[in-house]
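Notes to accompany the following structure.
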């Protein structure tokens, strides 16, 4: 019972985004409150004034007056709906474009845990430490069913899908420890798939990071997988089998057999591993098998990280 | 009732054997059969969620296991949506009243109507047995790839039962559409139809057009789970999000299958107990049709966080705002109908007032969910749970009970005890708000839905909600008791105890097999509760 007295009525606004969501939430709340109150007051007036047996006047209403009212409140409602849409939805929902200096964290969800990995290879389970006031980009995937990464204090939620990556960008603005929930039902222990987001000062974060046992960084892990899957047999610069060279390819425009040009972003690299026949590079034959069923989602992420790290025209092993 | 008429037995006494009920083609008897079935299912679904609410009294979930918890809310969702709410008003009150209201002897296809009940009973019984004996833990939404590749339990058979009972919806819809087109009494033009009939017509259109999509989706789920065909499983090239598009393409219109009939019922109640023509009849009709049509194009608002493109989110958000407009217009019209009325407060009217308040809160919180940035925060939390319960329980169940009380004298020939009924209606309103209002607050604070264990700071809201549920449960048992009691002890109702307009009140109570001893003729608009306004009616004076 003592714990029950621990409740709060407000939620910390711990990201830049949180403030915007709250402004929208409380504005719509105010608008709704006014509408509801007006309606209740009208109801009450009518109920009292026109109760059976009261002496209020009850003549019929002229048709034109009714039509005016109908048109009036129909257009008012449409206007209000468009206003709320325009003000709080229009333009506000496009995620900002990635920019350098973002802290890129990889998140893998599985029944029933969250695994997170920092750029230098530090890993956590059901926890994520972040530096305050630093833009963060989460690159997320699931190893089994659909989960959803939900941090109420950041007012953010994004489904995490198997074999597909989704992203979430935000900047924590407040120090503290916040709930991480899985918000998409994912099976027996769905409600236990929770964790903690700890936002620290930048120096605390740097110190914390140093003290972590480091596994292989994502790039190192990718390097191992590159060797394990034998990618170099075709893709190494020295290979005699004809395959596109990968050094420095990330971010470059690639000419496709169809005549189209695409930018080799993360999504393109990922697709080229899991479904190589989707975009065939001009001048090459589609001989590469799909690794979609061989590599797990997190392995594909590691391979992408490795390919991105390959310098241009370097002699690969 | 004259001496000659009383020689014709009413539908309740036209054969008393079990056989005469199980092989009846009388729309009124089939309505009763549906009513009995949905009542049983309602209390099974209610029992399941009562255990859930008791369990949520403590943050650690001490009462049942994780697995049992998940199965219980799945039982609740599947039963309440498919076996209670969808058939609730259309298959019971609709079945009973539609032919009476348009002056027909029966529905257009009486035997199809009976088949509809058997399909429903077959599918529903099968699924409910599956849920209780086998257990399914996917929630009523069956999201893939969990439901097809990962869930243990009887997903296959549960889906098969829902699929079968879906055909019942389609047949009822076809029947209602044909009846409304073909069997209207002389003089009953389209714009003389009571709004309840219009709401049945709009609902039927949605049932006929949307339910096949559900059938297709469930067949695909079964194909993947049973035969292993890769459709939604991404590790074999399937698309798990495709399921959500298909599912919500049915399930969002399904919300309108649940709420449009309620709007129809409430229109009848308010006009009768305010003794007033409905304000803006034709606008009410257009609003019903607009909701039914626009309702097909808003499904994507369930998927704002699914990874769907930001452009799709914008479009679905805009359309969701648009579907709110006709609902708002209806609320304004009901309120304006009270103006210059002569309002009395019998139990059905109290339910209608309850509907008006709760549906408005449900509708307004829909604006929050249509606003993408807010939805991202509150979707999949208790905010959404509260929102749709305000619509489906506060709205639909309130209207169903209001309608049941209103037409009880016609259905049974008996009067229910008014004081008890008013008490139950008021108790329900308070119990409902105590149950679901705290859920808005904890949803905003971040409490996710479908959580068995939860952080202790949410406990106070769960305790409030559970105590509300106790009150709400009591308010549901009361009508069960006194309505059944009135069958034995109720006073005879007479033909028209409310002095209501509408053809159903011209038939005897309870009506005989072919409804009207003398075929009715309709000379005028519905809701003829006061003199019609002429061109010279005074406009000035009386400013309220």
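Residue numbers (my numbering), protein chains in the order written: chain A, 588 to 904; chain B, 38 to 581.
Here a beta-carbon is modelled for each residue, glycine too, at the ideal position from N, C-alpha and C.
In the DSSP assignment, residue 104 (chain B) forms no beta bridge with any residue. Look at residue 533 (chain B): its C-beta is not under 8 Å from any C-beta on chain A. Chain order gives the chain A residues near residue 107 (chain B) as 775, where near means a beta carbon separation below 7 Å. Not flagged as an interface residue toward chain A: residue 339 (chain B), since no C-beta distance is shorter than 8 Å. Between residue 342 (chain B) and chain A, the shortest Cβ-Cβ separation is below 8 Å.
At a Cβ-Cβ threshold of 8 Å, residue 781 (chain A) and residue 758 (chain A) do not count as neighbours.
In terms of CA proximity to residue 440 (chain B), B:462 leads the group B:462, B:504, B:419, B:420.
Nearest CB-CB separation between residue 701 (chain A) and chain B: not below the 8 Å threshold. A Cβ of chain A is located within less than 8 Å of the beta carbon of residue 397 (chain B). Contacts between residue 766 (chain A) and chain B, judged by CB atoms closer than 7 Å, involve 483, 492 in chain order.
By the beta-carbon neighbour count (other beta carbons within 10 angstroms, threshold 16), residue 829 (chain A) is exposed. In the DSSP assignment, residue 701 (chain A) falls within the unbroken beta strand (DSSP E) covering 700 to 704. Interface criterion not met: the Cβ of residue 101 (chain B) is under 8 Å from no Cβ in chain A.
With a threshold of 8 Å between beta carbons, residue 724 (chain A) makes no contact with chain B.
Exposure of residue 55 (chain B) is indicated by the presence of fewer than 16 other C-beta atoms within 10 angstroms of its C-beta. Judged by beta-carbon spacing, residue 869 (chain A) lies within the 8 Å limit of residue 844 (chain A), meaning their Cβ atoms are closer than that value.
Taking all protein chains shown into account, residue 262 (chain B) has 16 or more neighbouring C-beta atoms within 10 Å of its C-beta and is therefore buried. Residue 565 (chain B) is classed as exposed because its beta carbon has fewer than 16 other beta carbons within 10 Å across all chains shown. As summarised for the stretch 449 to 508 of chain B, there are no continuous beta strand (DSSP E) elements at least 3 residues long confined to that stretch. Put simply, the stretch 290 to 308 of chain B touches the stretch 426 to 435 of chain B. At least three CB pairs are less than 8 Å apart. Contacts between residue 167 (chain B) and chain A, judged by CB atoms closer than 7 Å, are missing: the closest CB pair is about 19 Å apart. Residues of the same chain with a CB within less than 7 Å of the CB of residue 877 (chain A), apart from the 5 flanking positions on each side, are 861, 862, 863 in chain order.
By the Cβ-count criterion, residue 182 (chain B) is buried, with 16 or more other Cβ atoms from all chains shown falling within 10 Å of its own Cβ. In the three-state reduction of the DSSP assignment, residue 745 (chain A) falls in the strand class. In this structure, residue 247 (chain B) sits away from residue 656 (chain A), with a CB-CB distance that is not shorter than 8 Å. What residue 891 (chain A) touches in chain B, judged by beta-carbon distance under 7 Å, is nothing: the nearest beta carbon there is about 17 Å away. In the pairwise beta carbon analysis, the stretch 323 to 330 of chain B is classified as not touching the stretch 152 to 167 of chain B: fewer than three pairs are separated by under 8 Å. Here residue 305 (chain B) carries a helix assignment [DSSP, helix/strand/coil]. Sequence-distant Cβ neighbours of residue 222 (chain B) in its own chain, meaning closer than 8 Å and more than five residues away, are 139, 140, 141, 540, 556, 557, 558, 559. Per DSSP, residue 821 (chain A) is one residue of the alpha helix (DSSP H) stretching across 819 to 822. Contact annotation: residue 743 (chain A) and residue 413 (chain B) have beta-carbon atoms nearer than 8 Å. Cβ proximity to chain B below 8 Å picks out 731, 732, 733, 735, 737, 739, 740, 742, 743, 744, 745, 746, 748 from the stretch 715 to 748 of chain A. With 16 or more neighbouring CB atoms inside 10 Å of its own CB, residue 734 (chain A) falls in the buried class. For residue 765 (chain A), the uninterrupted beta strand (DSSP E) segment begins and ends at 763 to 769.
In this chain, residue 697 (chain A) is not harboured by any alpha helix (DSSP H); it is covered by the beta strand (DSSP E) spanning 690 to 697. Contact annotation, residue 364 (chain B) with residue 122 (chain B): C-beta distance approximately 17 Å; criterion of less than 8 Å not satisfied.
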